[in-house]
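Enquirer: Below is one structure. I have some questions about it.
Protein chains: 2
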Amino acid sequence: MTQAPVPLSKTPASNLPVPTTLVPTTPASASHGNASARIAALLRTAILGGEYPPGTRIRQDDVAQRYGASRVPVREAFRTLEADGLVTLIANTGAWVSRLSLAECDEVYQTRDRVEPLLLRYALPSIDEAHMDHLDELATRMERTDQVEEFLRLDREFHLGSYESAQTTVLGDLVRRLWNTTQHYRRAFTLLLDEPAARMVHDEHHMLVAAIREHDSDGAEHILAGHIRRTRLGLARHPEVFDTQP
Amino acid sequence: MTQAPVPLSKTPASNLPVPTTLVPTTPASASHGNASARIAALLRTAILGGEYPPGTRIRQDDVAQRYGASRVPVREAFRTLEADGLVTLIANTGAWVSRLSLAECDEVYQTRDRVEPLLLRYALPSIDEAHMDHLDELATRMERTDQVEEFLRLDREFHLGSYESAQTTVLGDLVRRLWNTTQHYRRAFTLLLDEPAARMVHDEHHMLVAAIREHDSDGAEHILAGHIRRTRLGLARHPEVFDTQP
DNA sequence: TAGCCACGGATTGGATACAATTTCAACCCT
DNA sequence: AGGGTTGAAATTGTATCCAATCCGTGGCTA
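Going line by line, the protein sequences match chains X and W.
Heads up: the first sequence at position 107 corresponds to 545 in my numbering, and the numbers run straight through without jumps.
Heads up: the second sequence at position 222 corresponds to 660 in my numbering, and the numbers run straight through without jumps.
Pasting the structure below:
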């Protein structure tokens, strides 16, 4: 069942067309009509994909030209992204891709630690067999890949996917926001995983699926909380991830 | 020490100038410069103050005229308020004051139940004596008032005030959002409190201050979680609060 | 040489006018 | 009477212009 974990390398398989986010980040990839929503979606996937690293300045005019729109919808998109925690706006000055300090990142993980188990509890009763099989498959594919970007994508699809069947309105959005703000640091941290640490991550994923299969809400909550907590402690051991001075 | 609780009546003392929100809802009452931030702040206090009940439609033109601005900053303000959960935007159609179903409100309270104790834990070490005395005074004033709006204001200042000294960046905002979205239902629910229920609310407030004084993080977390949980269960017993069909 | 101030370019913020798109509801036709 | 259509009203987007603000540069001063 288990597979020898391979240390993850950063080199992407190729410059394949970015598969956008598999689990829609907010509404969906708004494609037609609403320019402001479309621009927000495109910028969001660009930021999450690492195209704009934290601290990067984003200019209204650039974005407007790049996406063939005027500045008004771009400004609205900025406000949306600010609410997502992806962008930091400073009045009369500009927009920057948000950057978290170690303390702030720790805070987000503490919050996730409390909130995601609750969301999973909401979702659990409605997860059907096919969905469980899918989660299992994702966990296995995560073990087998050695591409960071693919791992991140699978991890996101695994966890957010496990919450998908929750019929929640605010909690789901809230959790997606928390994931978005920490996406970049998750990438950095993934690169630092050594073999035993990666082994534990994968084991926890499989244990989580097992608990879900047994409809064991308490068990699933417990495993998930531990999973998040362990990641938080791991990040705290690597403060250098947050050192990127401008 | 304790005071005979008086059933709360809805009649306000008078149409005094609305004292805005004592605990700033987001940045502060932005007064000059940024029109979009100013409009967002004004609309926010208007909505929280019950001036626009849930389900009310808000037109860009009206707001623009009322606050002497063009529609561009109004639209940005809408986006900000949407992120606050105060307004629901529907593309090409308009903006409405958000309305929660019982299930959604329950969801928010479940979330608060998990998140606010954590925030209190962050804040607790930095709460000084003067602050504790202030919290005590607020709890006492809450017992003595019979005005709903004043109770709401004091309750907000008590709880959000107790989190104030937490040096958090995301958690504080998150909790404020959760408070904002449920403000209206808190008002409706407050009117339904009978005497023993009110008594218990007040007792919990005093117990919370006592735990804070003793720097008992676990105890404070526990009391606060119970406080929120009890409110949630109380709301669930009054589904009629959510029945306001358009 | 170090520090401070003023100036000017660049960028954001806002106003206005107008075109485009969408929604919704009344209306007409079969 | 029911279903499709049209048109008013609202939002959304574009274009243009100007004001306000910020930031770096350069020069002046101690």
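All C-beta atoms, glycine included, are put in the ideal place defined by N, C-alpha and C.
In whole angstroms, what separates the C-alpha of residue 669/W from that of residue 605/X?
Expert: For this step, residue 669/W is matched to residue 231 along the second sequence. For this step, residue 605/X is matched to residue 167 along the first sequence. Whole-angstrom Cα-Cα distance: 22 Å.
Enquirer: In chain order, what are the residue ranges of uninterrupted beta strand (DSSP E) at least 3 long that sit wholly in the stretch 514-587 of chain W?
Expert: Counting only runs of 3 or more, we get 525-528 and 532-535.
Enquirer: Find the residues of chain X that neighbour residue 673/W, judging by a C-beta separation of less than 9 Å, and give them in chain order.
Expert: Residue numbering aside, residue 673/W sits at position 235 when the second sequence is read from its first letter. By Cβ distance, chain X contributes nothing, its closest Cβ being about 15 Å from residue 673/W, past 9 Å.
Enquirer: Kindly say whether residue 513/W, judged by its beta-carbon, lies nearer than 8 Å to any beta-carbon of chain X.
Expert: Translated into positions along the second sequence, residue 513/W becomes position 75. Yes, because at least one Cβ of chain X sits closer than 8 Å to the Cβ of residue 513/W.
Enquirer: Which residue comes first and which comes last in the alpha helix (DSSP H) that contains residue 627/W?
Expert: Working through the second sequence from its first residue, we reach residue 627/W at position 189. Looking at the DSSP string, the run of the alpha helix (DSSP H) that includes residue 627/W is 609-630.
Enquirer: Where does residue 675/X land, buried or exposed, given buried means 16+ other C-beta within 10 angstroms?
Expert: For the purposes of this step, residue 675/X is identified with residue 237 of the first sequence, where counting begins at 1. So residue 675/X counts as exposed.
Enquirer: Compute the beta-carbon to beta-carbon distance between residue 492/X and residue 536/X, rounded to the nearest angstrom, for a pair I have assumed lies under 8 Å.
Expert: Residue 492/X sits at position 54 when you count from the first residue of the first sequence. Residue 536/X sits at position 98 when you count from the first residue of the first sequence. Indeed, because the Cβ distance is near 6 Å, the residues count as touching under 8 Å.
Enquirer: Looking at residue 518/X: is its Cβ nearer than 8 Å to the Cβ of residue 517/W?
Expert: Working through the first sequence from its first residue, we reach residue 518/X at position 80. Working through the second sequence from its first residue, we reach residue 517/W at position 79. Their beta carbons are under 8 Å apart, which means residue 518/X touches residue 517/W by this criterion.
Enquirer: Give me the chain X residues within the contact set of residue 517/W, using Cβ-Cβ distance strictly less than 7 Å, ordered along the chain.
Expert: Looking up residue 517/W in the second sequence gives position 79. What residue 517/W touches in chain X: 514, 517 and 518.
Enquirer: Do residue 601/X and residue 558/X count as a contact pair if the criterion is CB distance below 8 Å?
Expert: The residue given as residue 558/X occupies position 120 in the first sequence. The residue given as residue 601/X occupies position 163 in the first sequence. Taking 8 Å as the Cβ cut-off, residue 558/X and residue 601/X qualify as a contacting pair.
Enquirer: Indicate the three-state DSSP secondary structure (helix, strand or coil) for residue 675/W in the structure shown.
Expert: Stepping through the second sequence from its first residue, residue 675/W is reached at position 237. Three-state result, residue 675/W: coil.
Enquirer: Alpha carbon to alpha carbon, what distance is there between residue 479/X and residue 512/X?
Expert: Stepping through the first sequence from its first residue, residue 512/X is reached at position 74. Stepping through the first sequence from its first residue, residue 479/X is reached at position 41. Straight-line Cα distance between these residues: approximately 11 Å.
Enquirer: Given a threshold of 16 other Cβ atoms within 10 Å of its Cβ, counted over all protein chains shown, does residue 528/X qualify as buried or as exposed?
Expert: In the first sequence, residue 528/X corresponds to position 90, counting from 1. Flag for residue 528/X reads exposed.
Enquirer: Use the C-beta contact count for residue 677/X: other C-beta atoms within 10 angstroms, 16 or more gives buried, fewer gives exposed.
Expert: Counted from its first residue, the first sequence places residue 677/X at position 239. With fewer than 16 Cβ atoms within 10 Å of its Cβ, residue 677/X is classed as exposed.
Enquirer: Evaluate the contact criterion for the stretch 542-549 of chain X versus the stretch 645-652 of chain X: three or more CB pairs, one atom per stretch, below 8 Å.
Expert: Not touching, per the Cβ criterion.
Enquirer: Quick check: the Cα distance between residue 576/X and residue 586/X, rounded to an integer number of angstroms?
Expert: Translated into positions along the first sequence, residue 576/X becomes position 138. Translated into positions along the first sequence, residue 586/X becomes position 148. Each residue's alpha carbon lies about 15 Å from the other.
Enquirer: Once DSSP output is grouped into helix, strand and coil, what is the label at residue 497/X?
Expert: For the purposes of this step, residue 497/X is identified with residue 59 of the first sequence, where counting begins at 1. Reduced to three states, the DSSP call for residue 497/X is coil.
Enquirer: Under a Cβ-count criterion, where at least 16 other Cβ atoms within 10 Å of its own Cβ denotes burial, should residue 564/X be classed as buried or exposed?
Expert: Position 126 of the first sequence, counting from 1, holds the residue named residue 564/X. Exposed.
Enquirer: With respect to the alpha helix (DSSP H) encompassing residue 648/X, which residues constitute its N-terminal and C-terminal limits?
Expert: Taking the first residue of the first sequence as 1, we reach residue 648/X at position 210. 633-651 is the extent of the alpha helix (DSSP H) around residue 648/X.
Enquirer: My output table needs one value for residue 605/W: the three-state DSSP class, helix, strand or coil.
Expert: Locating residue 605/W in the second sequence gives position 167, counting from the first residue. The answer is coil: DSSP assigns residue 605/W none of H, G, I, E or B.
Enquirer: Kindly indicate which three-state DSSP category residue 491/X falls into: helix, strand or coil?
Expert: Reading the first sequence from its first residue, position 53 is the one you call residue 491/X. Of the three classes helix, strand and coil, the one that applies to residue 491/X here is coil, per DSSP.
Enquirer: Can you check which of these residues, 681/W, 525/W and 623/W, is closest to residue 496/W by C-alpha distance?
Expert: The residue you call residue 496/W lines up with position 58 of the second sequence. Ranking 681/W, 525/W and 623/W by Cα distance to residue 496/W puts 525/W first.
Enquirer: Residues in its own chain within less than 7 Å of residue 635/X by CB, not counting five upstream and five downstream?
Expert: Residue mapping note: residue 635/X aligns to position 197 of the first sequence, counting from 1. 672.
Enquirer: Closer than 8 Å, CB to CB, is residue 493/W near chain X or not?
Expert: The sequence position of residue 493/W within the second sequence is 55, counting from 1. For residue 493/W, the answer is no, since every Cβ of chain X falls outside 8 Å of its Cβ.
Enquirer: Can you tell me which of the three DSSP states residue 506/X falls into?
Expert: Within the first sequence, the letter at position 68 stands for residue 506/X. Coil.
Enquirer: At a CB distance below 7 Å, what residues from the stretch 535-561 of chain X approach chain W? Give them in sequence order.
Expert: Taking 7 Å as the Cβ-Cβ cut-off against chain W, the residues of the stretch 535-561 of chain X that qualify are 542, 545, 546, 548, 549, 552, 553 and 556.
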